[in-house]
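**Q**
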Amino acid sequence: MPFQLDIVIWCALLGACGLHSSLELGESAAEELDKLESDHAAIYSTLSRIHGERGVWNSVLELRKKMKEKGVQKQNAVSWVESARVIR
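FYI, the numbering for the sequence shown is -18 to -1, 1 to 70, going by mature numbering (1 follows the signal peptide of the UniProt record, and there is no 0).
1) Determine contact between the stretch 39 to 58 and the stretch 19 to 27, defined as no fewer than three beta-carbon pairs at a distance below 8 Å.
2) Do Ile(-12) and Leu18 have their C-beta atoms within less than 8 Å of each other?
3) Quick one: what's got a C-beta closer than 7 Å to Val42's C-beta in the same chain, skipping five residues either side?
4) Would you report the Cα separation of Asp16 and Ala66, rounded to the nearest angstrom?
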């Protein structure tokens, strides 16, 4: 390949797998991300969601347990609104 596969590419692939509920390919992408030592919460939550959509609940529980052991937490969504030049 003419370029190095990095965390951005693997995360994009995992995100696409999440959109299309592709469990096998999603697990492969997650394994590659694990090799890159990435502990981003989105990786775990996307993979967990794919497993849940497929009904593989024991894997969902294992992923959540792994997140807890590593201290990885999902970040809550945040929105900013500008009104009268004041950000709220």
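Heads up, the beta-carbon is just placed ideally off N, CA and C, and yes, glycines get one too.
**A** According to the data block:
1) yes
2) Within the sequence shown, residue -12 is the residue found at index 7, counting from 1. Within the sequence shown, residue 18 is the residue found at index 36, counting from 1. It is a contact, given that the beta carbons lie within the stated cut-off.
3) Locating residue 42 in the sequence shown gives position 60, counting from the first residue. So the list reads Ser30, His33, Gly34, once near-sequence residues are dropped.
4) What you label residue 16 is simply residue 34 of the sequence shown in a count that begins at 1. What you label residue 66 is simply residue 84 of the sequence shown in a count that begins at 1. Approximately 45 Å, taken between the alpha carbons.
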